[in-house]
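In what follows, a structure is listed as structure tokens, so that the remarks can point back to it.
Numbering (my numbering), first residue to last: 17 to 225.
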């Protein structure tokens with residue numbers, strides 16, 4: 017292989033590295049910076065989400081695409097999700113209107129963007145922490161839409177709180193801008209959104225998809 021590797025026979029060295037970096041199973045692909053600090057423990061998932069490595073070296077980002085990995089995180093952390101079609105211009109639009117609200121939220125909560133992905137939410141003062149996601153046409157977005165009972169309207173901004181089995185939708189007809197997204201997030205954090213309950217059976221069904 018064209019990269020450095022520890023011979024399989026050196027079990028003590030491999031065991032020490034596994035303990036040092038918390039490796040619990042193989043194969044594991046983790047990414048380190050030049051100082052040996054962990055950037056991400058899940059570089060396999062990062063590579064699957066970003067096969068062209070456009071976001072390399074995969075440090076935490078304020079806004080992420082709604083992939084299967086982030087769909088799973090919704091069961092632990094609520095999120096603001098903007099659904100758009102898959103055109104590059106629409107994705108860029110979604111990122112441009114979500115990023116200011118996300119950066120402001122993380123700044124207020126002292127989130128460290130130089131930390132590893134796995135430690136990203138540990139510094140959050142809110143419990144639980146808030147994610148900002150872009151949902152494009154595809155199976156992952158369809159799963160979330162089916163769970164909530166949303167139609168295919170786009171663009172569409174929602175707040176989804178699966179830990180508490182509820183969601184809220186920005187009013188239809190309101191233009192999605194930096195300002196309206198900021199206001200939507202502020203209302204969510206102040207518990208001023210009109211949430212709709214999600215039935216437990218729909219959540220369990222989505223988990224099994």
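Glycine is no exception: its CB is placed at the ideal position from the N, C-alpha and C atoms. All values derive from a computational prediction rather than experimental measurement.
The criterion of a C-beta distance shorter than 7 Å is not satisfied by residue 98 and residue 159.
When only Cα atoms are considered, residue 155 and residue 27 end up about 42 Å apart. Comparing alpha carbon positions, the residue from 122, 72 and 57 closest to residue 39 is 57. DSSP lists 99 as the beta-bridge partner residues of residue 151. With contacts defined as CB atoms closer than 7 Å, residue 65 and residue 83 qualify as a contacting pair. Around residue 53, the same chain offers no residue with a beta carbon nearer than 6 Å, after the five sequence neighbours per side are excluded. Residue 79 sits close to residue 148, with the two beta carbons spaced by under 7 Å. Residue 100 counts as buried, since at least 16 other C-beta atoms from the protein chains shown sit within 10 angstroms of its C-beta.
In the DSSP assignment, the residues bridged to residue 56 are 47.
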